[in-house]
Amino acid sequence: MDWLFCRHGVRQPKNPWTDGPEFITQCPIRPGGKFSQKIIFSTEEGTLWWHAHSDWSRATVHGAIVVYPKNGTSYPFPKPYAEVPIILGEWWKQDIMQLLDTFLKTGGDPNTSDAYTINGQPGDLYPCSKSDTFKLMVDHGKTYLLRMINAAMSDILFFSIANHQLTVVGTDASYTKPFKTDYITISPGQTMDVLLEANQPLGQYYMAARVFSSFNIVTFDSTTTTAIVHYNANYTSPPPPPSFPQNLPYYNDTNASSTYARGLRSLDSPDHPINVPLNMSTKLIFTISVNAIPCANDSCAGPNGTRLSASMNNISFVNPSIDILQAYYNHINGVYEDRFPNVPPLIFNFTADYLPLELETPQKGTEVKVLEYNSTVELVFQGTNLVAGTEHPMHLHGYSFYVVGWGSGNFDKDKDPLGYNLVDPPLQNTITVPRNGWAAIRFKADNPGNVTFY
Numbered sequence: 006m007d008w009l010f011c012r013h014g015v016r017q018p019k020n021p022w023t024d025g026p027e028f029i030t031q032c033p034i035r036p037g038g039k040f041s042q043k044i045i046f047s048t049e050e051g052t053l054w055w056h057a058h059s060d061w062s063r064a065t066v067h068g069a070i071v072v073y074p075k076n077g078t079s080y081p082f083p084k085p086y087a088e089v090p091i092i093l094g095e096w097w098k099q100d101i102m103q104l105l106d107t108f109l110k111t112g113g114d115p116n117t118s119d120a121y122t123i124n125g126q127p128g129d130l131y132p133c134s135k136s137d138t139f140k141l142m143v144d145h146g147k148t149y150l151l152r153m154i155n156a157a158m159s160d161i162l163f164f165s166i167a168n169h170q171l172t173v174v175g176t177d178a179s180y181t182k183p184f185k186t187d188y189i190t191i192s193p194g195q196t197m198d199v200l201l202e203a204n205q206p207l208g209q210y211y212m213a214a215r216v217f218s219s220f221n222i223v224t225f226d227s228t229t230t231t232a233i234v235h236y237n238a239n240y241t242s243p244p245p246p247p248s249f250p251q252n253l254p255y256y257n258d259t260n261a262s263s264t265y266a267r268g269l270r271s272l273d274s275p276d277h278p279i280n281v282p283l284n285m286s287t288k289l290i291f292t293i294s295v296n297a298i299p300c301a302n303d304s305c306a307g308p309n310g311t312r313l314s315a316s317m318n319n320i321s322f323v324n325p326s327i328d329i330l331q332a333y334y335n336h337i338n339g340v341y342e343d344r345f346p347n348v349p350p351l352i353f354n355f356t357a358d359y360l361p362l363e364l365e366t367p368q369k370g371t372e373v374k375v376l377e378y379n380s381t382v383e384l385v386f387q388g389t390n391l392v393a394g395t396e397h398p399m400h401l402h403g404y405s406f407y408v409v410g411w412g413s414g415n416f417d418k419d420k421d422p423l424g425y426n427l428v429d430p431p432l433q434n435t436i437t438v439p440r441n442g443w444a445a446i447r448f449k450a451d452n453p454g455n456v457t458f459y
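In the numbering used here, the protein residues as written are 6 to 459.
1. So what's Leu130 in DSSP terms, helix, strand or just coil?
2. Does the Cβ-Cβ distance between Gln126 and Ala232 come in under 8 Å?
3. To the nearest angstrom, how far is it from the Cα of Tyr80 to the Cα of His402?
4. Can you tell me where the alpha helix (DSSP H) with Gln209 in it begins and where it stops?
5. For Asp429 and Pro18, I'd like the C-alpha separation in whole angstroms.
6. Whole angstroms are fine: how far does the CA of Leu109 sit from the CA of Met317?
7. CA-CA distance, Leu391 and Tyr121?
8. Exposed or buried, which one is Asp7 when buried takes at least 16 other CB atoms within 10 Å?
9. Suppose you measure from the CA of Asn426 to the CA of Ser271; what does that come to, to the nearest Å?
10. My output table needs one value for Met6: the three-state DSSP class, helix, strand or coil.
11. Starting from Phe108 and walking both ways along the alpha helix (DSSP H), at which residues does that stretch end?
12. Is Pro367 buried or exposed, if buried means 16 or more other CB atoms sit within 10 Å of its CB?
13. Pairs of beta-carbons, one from the segment 41 to 55 and one from the segment 64 to 74, closer than 8 Å: are there three or more?
14. From Ser274, Asn204, Gly307, Ser159, pick the residue whose C-alpha is nearest to that of Tyr180; which is it?
15. Looking only at its chain, what residues have a beta carbon closer than 8 Å to the beta carbon of Ser304, apart from the 5 residues adjacent to it on each side?
16. Cα separation between Thr437 and Asp160?
17. Using the Cα positions of Asp100 and Asn124, report the straight-line distance between them to the nearest angstrom.
18. According to DSSP, is Asn260 helix, strand or coil?
19. Consult DSSP for Leu363 and reduce its assignment to one of helix, strand or coil.
20. How would you label Ala301, buried or exposed, when you count the other beta carbons within 10 angstroms and need 16 or more for buried?
21. Taking buried to mean at least 16 other C-beta atoms within 10 Å of its own C-beta, is Asn238 buried or exposed?
22. Within 8 Å, do at least three Cβ pairs link the segment 275 to 290 to the segment 343 to 360?
23. What three-state label does DSSP hand Glu17 in the structure shown?
24. Which residues in the same chain as Val340 place their Cβ atom closer than 6 Å to its Cβ, once the five residues preceding and following it in sequence are excluded?
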């Protein structure tokens, strides 16, 4: 197996060489090879994570990165009694690379996972792991900082703790205005810093996570993973079984997901200022779609015998034989083209209920969009209903960005920007574009390298 590792959300200023997907920033590490990486932190503060970045190998190898306040400063909230990483993940009963090989050969959907996990354990609602369920031991009256990470491959997750409210204070290593909530919605690759006040009667309480998916035609793992919050005490008899969180949203609760997203706001304090770009030099609109590529004799496992693919602006990416960053700096011709369009090449009703089949087939290519150094960029991700409309988690390497707006339907360049939040939008490196909707982000292109979306 070839390997590559990513420090997800680390800015890596002027050092883009070893952080990104294979064949983008570097070629993968060959079996038996050795490789060292230099990690440079700059403005990040809070929770990030690292993971393998070759194919689906990140399902097996990942971990937390914690960036504490610099010496002489403190958290912009009361210091917690303790800090605990809570990593949400997935588990398959088969070898993950065999699973990958199968769906690449067939062109259909990959098998759904057999379980979700909290800190590596599925929890005692599954038949196999009751004795190994993760337990968070807490003292009554103390506050705990949960450093949440969604390491699932592609699933957005709801998370809640029975009888407890949570206070969100950060996302993607950037502080937010604290807000209380009964649950969080966390995208794959995203991190959340959440305060838990142990203020309930002594006993045991489930923390639980389940998938959010507004579109039930696409299969998903419908199970729920649990861990236990256990209050330390001298119990005269065993505490009762843990209670289940009643406020954990159902899998297709779109309103719950959007309500949570609206609560995220940058802290924007004197010690943690923000700088939202206001005068834009570059405006881009990228459609993001699930596509279908015809197969000979309709022999593939996708819709109508096709092969599933993904595209941006109707271009499905093809891996080059030489990594793009090396080709750019060494002036190697023929590796990629720099003609990625600023807007969709074909304008239509992207979110219509029914779309012509001919629109489902994308072009294939290794296309790059070149940005001018120090340019200010507004990028609108437009979801489409091609093949199947679905939520699209999007991550940007080397940058965090301000999420200035999002909505349903087709983006209206004249009306929708009037509703942008340009005062205190959240600063993130991972977002979810709503199903058949859009999301607008802004950033300054001041970190040379490959600005990679996936």
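C-beta: ideal position from N, C-alpha, C; glycine also. Since this is a predicted model, take the numbers as computed values, not measurements.
Concretely, from the data shown:
1. On the sequence shown, position 125 is the one that residue 130 refers to. The answer is coil: DSSP assigns Leu130 none of H, G, I, E or B.
2. Here residue 126 refers to the residue found at position 121 when the sequence shown is read from its first residue. Here residue 232 refers to the residue found at position 227 when the sequence shown is read from its first residue. Contact flag set, yes.
3. Counted from its first residue, the sequence shown places residue 80 at position 75. Counted from its first residue, the sequence shown places residue 402 at position 397. Their backbone Cα atoms lie some 26 Å apart in a straight line.
4. Here residue 209 refers to the residue found at position 204 when the sequence shown is read from its first residue. Premise fails: Gln209 lies in the beta strand (DSSP E), 209 to 217, not in any alpha helix (DSSP H).
5. Here residue 429 refers to the residue found at position 424 of the sequence shown. Here residue 18 refers to the residue found at position 13 of the sequence shown. The alpha-carbon atoms of Asp429 and Pro18 are separated by roughly 24 Å.
6. By one-based count along the sequence shown, residue 317 stands at place 312. By one-based count along the sequence shown, residue 109 stands at place 104. Per the coordinates, the alpha-carbon of Met317 lies some 19 Å from the alpha-carbon of Leu109.
7. In the sequence shown, counting from the first residue as 1, residue 391 sits at position 386. In the sequence shown, counting from the first residue as 1, residue 121 sits at position 116. In a straight line, the C-alpha of Leu391 is about 28 Å away from that of Tyr121.
8. Looking up residue 7 in the sequence shown gives position 2. Confidence at Asp7 is low in this model, with a pLDDT of 47, below 50, so the placement of that residue should be treated as unreliable; the coordinate-derived value is given next. Result: exposed.
9. The residue labelled residue 426 in the question sits at position 421 within the sequence shown. The residue labelled residue 271 in the question sits at position 266 within the sequence shown. Going from the Cα of Asn426 to the Cα of Ser271 covers about 11 Å.
10. Against the sequence shown, residue 6 aligns to sequence position 1. Here the model assigns Met6 a pLDDT of 44, short of 50, so the residue's position is not dependable, and the following value carries that caveat. It is coil, neither helix nor strand.
11. By one-based count along the sequence shown, residue 108 stands at place 103. Start and end: 101 to 111.
12. What you label residue 367 is simply residue 362 of the sequence shown in a count that begins at 1. Buried, since its Cβ has 16 or more Cβ neighbours within 10 Å.
13. yes
14. Against the sequence shown, residue 180 aligns to sequence position 175. Among Ser274, Asn204, Gly307, Ser159, the Cα nearest to that of Tyr180 is on Ser274.
15. In the sequence shown, residue 304 corresponds to position 299, counting from 1. Excluding residues within five positions, the ones whose Cβ falls inside 8 Å are Gly310.
16. The residue given as residue 437 occupies position 432 in the sequence shown. The residue given as residue 160 occupies position 155 in the sequence shown. Going from the Cα of Thr437 to the Cα of Asp160 covers about 10 Å.
17. Translated into the one-based positions of the sequence shown, residue 100 becomes position 95. Translated into the one-based positions of the sequence shown, residue 124 becomes position 119. When rounded, the distance between both Cα atoms is 20 Å.
18. For the purposes of this step, residue 260 is taken as residue 255 along the sequence shown, with counting starting at 1. Asn260: helix per DSSP, three-state reduction.
19. Position 358 of the sequence shown, counted from the start, is the residue given in the question as residue 363. Residue identity differs from the one stated: residue 363 is Glu in this sequence, not Leu. If DSSP states are grouped into helix, strand and coil, Glu363 belongs with the helices.
20. Indexing the sequence shown from 1 puts residue 301 at position 296. Exposed, because fewer than 16 other Cβ atoms sit within 10 Å of the Cβ of Ala301.
21. Indexing the sequence shown from 1 puts residue 238 at position 233. Going by the sequence as given, residue 238 is Ala instead of Asn. In this structure Ala238 is exposed. Its beta-carbon is surrounded by fewer than 16 other beta-carbon atoms within 10 angstroms.
22. yes
23. Looking up residue 17 in the sequence shown gives position 12. One detail in the question is off: residue 17 reads as Gln in this sequence, not Glu. In the structure shown, Gln17 sits in coil (DSSP, three-state: anything other than H, G, I, E or B).
24. Within the sequence shown, residue 340 is the residue found at index 335, counting from 1. Hits under 6 Å: Pro325, Ile327, Ala332.
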